[in-house]
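J.:
There are 2 protein chains.
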Amino acid sequence: MSPAQFFKCLSDETRLRCVALLQKQGKLCVCELTTALDLSQPKISRHLALLRQCRLLLDTREGSWVYYQINPTLPDWAFPILANVLTAVEMTGQFQTDLERLHKMANRPDMAMCS
Amino acid sequence: MSPAQFFKCLSDETRLRCVALLQKQGKLCVCELTTALDLSQPKISRHLALLRQCRLLLDTREGSWVYYQINPTLPDWAFPILANVLTAVEMTGQFQTDLERLHKMANRPDMAMCS
DNA sequence: TATTGATATACGTATAATCATATATCAAAA
DNA sequence: TTTTGATATATGATTATACGTATATCAATA
Chain L
140 MSPAQFFKCL SDETRLRCVA LLQKQGKLCV CELTTALDLS QPKISRHLAL
190 LRQCRLLLDT REGSWVYYQI NPTLPDWAFP ILANVLTAVE MTGQFQTDLE
240 RLHKMANRPD MAMCS
Chain P
140 MSPAQFFKCL SDETRLRCVA LLQKQGKLCV CELTTALDLS QPKISRHLAL
190 LRQCRLLLDT REGSWVYYQI NPTLPDWAFP ILANVLTAVE MTGQFQTDLE
240 RLHKMANRPD MAMCS
């Protein structure tokens, strides 16, 4: 992936919020991202597909749920930037709201697993 | 400027090459960027105008020449990212070529100033 | 002031991105 | 199996980007 391609991935607010959440939380499934960002499922899914096709994200299916995470085999130059991305996005009120919605979320897959 | 807007500025290869060169060299005029990138003047100018409108770049006119530089009053989160951008872009062969064309350039404004 | 060199903008077009809505797939449970 | 919940994709409309070419502006100089 070229640097310009990489930045194009981050140039859309929806994708940026997804990437920042994943950078902070490690692994999240589609329904968690949908709830956290309060956007339609197809919209989230399309953006995740883009990020997956660029190899910025990896997906792993666990039963019905598909978990996404930052691809740990990105080029070396990408990781410091992702760290700075999180720092930048954490300063926005939007991101704090996203985190709150994520944490308040009932029926999270993790919880379901435990029951 | 929002983080997503900032990354959109960096998501085009022409703009990214301009920003990386400016990050490395401090200040360059349009004709230097045009020569370094080996692209048409209107194309460079239009991209620089975009970056200027987003306040990522500042321009200062000195006689006929217009110099561009990274805006030193960007939000704090932007500078570490710009530093990492340069590191990433410096690894590309394209950037090395751009730098060579810049340095080999005859009739640079700086030189003209001295004559 | 006429000209020239440097830079900026206008315009039409081609391509790409984004979106909402509808529908398809896929795995678990009934 | 049928159903249900989670996720993905298709479609068509809308909007945004990027481009080449032509032209305008602006400052220096003749």
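If you're matching them up, the sequences are chains L and P in order.
With the first letter of the first sequence counted as 1, position 4 gets the number 143 in the numbering used here; the numbers rise by one all the way through.
With the first letter of the second sequence counted as 1, position 34 gets the number 173 in the numbering used here; the numbers rise by one all the way through.
Even for Gly, the Cβ is constructed at its ideal location relative to N, Cα and C.
Remember, predicted model here, so these are calculated numbers, not experimental data.
With 16 as the cutoff for other CB atoms within 10 Å, does R194/L come out buried or exposed?
T.: As a first step, residue 194/L is located in the first sequence; it is residue number 55 there, counting from the start. It counts as exposed.
J.: What residues from chain P crowd round I209/L, counting only those whose CB sits closer than 7 angstroms?
T.: Along the first sequence, read from residue 1 onward, the residue named residue 209/L stands at position 70. Residues of chain P passing the Cβ test: none, with the nearest at roughly 16 angstroms.
J.: Excluding sequence positions up to five away, which residues of its chain have a Cβ less than 6 angstroms from the Cβ of M244/P?
T.: Stepping through the second sequence from its first residue, residue 244/P is reached at position 105. Excluding positions up to five away in sequence, the list reads T174.
J.: Since W216/P meets chain L, which of its residues come closer than 8 angstroms, beta carbon to beta carbon?
T.: For this step, residue 216/P is matched to residue 77 along the second sequence. Result: N223, T226, A227, M230.
J.: Just tell me which of R156/P, P214/P, R191/P has its CA closest to the CA of D237/P.
T.: Working through the second sequence from its first residue, we reach residue 237/P at position 98. Selected option, being the one with the closest Cα: R156/P.
J.: Please confirm whether I220/L has its beta-carbon closer than 8 angstroms to some beta-carbon of chain P.
T.: For the purposes of this step, residue 220/L is taken as the residue at position 81 of the first sequence. I220/L counts as touching chain P.
J.: Which of the three DSSP states is assigned to C148/P in this structure?
T.: In the second sequence, the residue the question calls residue 148/P occupies position 9. C148/P falls in the helix class under three-state DSSP.
J.: Mind checking if D182/P is an interface residue toward chain L, Cβ cutoff 8 angstroms exclusive?
T.: The count along the second sequence starts at 1 and reaches residue 182/P at position 43. Checking the displayed sequence, the identity of residue 182/P turns out to be Lys instead of Asp. Cβ-Cβ to chain L under 8 angstroms: no for K182/P.
J.: Can you give me the C-alpha to C-alpha distance between S254/L and S203/L, rounded to a whole angstrom?
T.: The count along the first sequence starts at 1 and reaches residue 254/L at position 115. The count along the first sequence starts at 1 and reaches residue 203/L at position 64. Here the model assigns S254/L a pLDDT of 31, short of 50, so the residue's position is not dependable, and the following value carries that caveat. Approximately 16 angstroms, taken between the alpha carbons.
J.: Taking three-plus beta-carbon pairs below 8 angstroms as touching, is the region 140-153 of chain P in contact with the region 142-157 of chain L?
T.: At 8 angstroms Cβ cutoff, the stretches touch.
J.: Would the region 206-214 of chain L and the region 157-171 of chain L be scored as touching if the rule is three or more Cβ pairs under 8 angstroms?
T.: Touching, per the Cβ criterion.
J.: Within 10 angstroms of the Cβ of H186/L, are there 16 or more other Cβ atoms? Answer buried if so, exposed if not.
T.: Taking the first sequence and counting its residues from 1, one reaches residue 186/L at position 47. Buried, by the Cβ-count rule.
J.: Near L241/L, what residues of its chain come up, given a Cβ to Cβ distance below 8 angstroms and the 5 sequence neighbours on each side ignored?
T.: Walking along the first sequence from the start, residue 241/L turns up at place 102. These residues qualify, in order along the chain: L160, Q164, L167, E171, T174, A175.
J.: Return the Cβ separation of A227/L and W216/P in integer angstroms, given the expectation that the two are a contact with Cβ distance under 8 angstroms.
T.: Within the first sequence, numbered from 1, the residue matching residue 227/L stands at position 88. Within the second sequence, numbered from 1, the residue matching residue 216/P stands at position 77. Indeed they touch by this definition, with Cβ atoms about 4 angstroms apart.
J.: Go ahead and label P248/P buried or exposed: buried means 16 or more other beta carbons lie within 10 angstroms of its beta carbon, across all protein chains shown.
T.: What you label residue 248/P is simply residue 109 of the second sequence in a count that begins at 1. The residue is buried, with at least 16 neighbouring Cβ atoms inside 10 Å.
J.: When the distance is taken between beta carbons, is L178/L closer than 8 angstroms to T153/L?
T.: Walking along the first sequence from the start, residue 153/L turns up at place 14. Walking along the first sequence from the start, residue 178/L turns up at place 39. Yes. Within cutoff.
J.: Give every residue of the same chain whose Cβ lies closer than 6 angstroms to the Cβ of L197/P, excluding the five residues on either side of it in the sequence, and list them in chain order.
T.: The sequence position of residue 197/P within the second sequence is 58, counting from 1. So the list reads Q208, N210, once near-sequence residues are dropped.
J.: Against chain P, which members of the region 140-163 of chain L pass a CB distance test of less than 7 angstroms?
T.: Hits within the stretch, in order: P142, A143, F146, K147, L149, S150, D151, E152, L155.
J.: Report yes if the C-beta distance between V169/L and Q162/L is below 8 angstroms; otherwise report no.
T.: By one-based count along the first sequence, residue 169/L stands at place 30. By one-based count along the first sequence, residue 162/L stands at place 23. No, the pair does not count as a contact, with Cβ atoms beyond the cut-off.
J.: Could you give the DSSP three-state label for L221/L: helix, strand or coil?
T.: Residue numbering aside, residue 221/L sits at position 82 when the first sequence is read from its first letter. DSSP places L221/L in helix when its eight states are reduced to three.
J.: In three-state terms, what does DSSP make of L190/L?
T.: By 1-based counting over the first sequence, the position of residue 190/L is 51. Three-state DSSP puts L190/L in a helix.
J.: Bridge partners for R200/P per DSSP, in chain order?
T.: Taking the first residue of the second sequence as position 1, residue 200/P is located at position 61. According to DSSP, R200/P bridges with V205/P.
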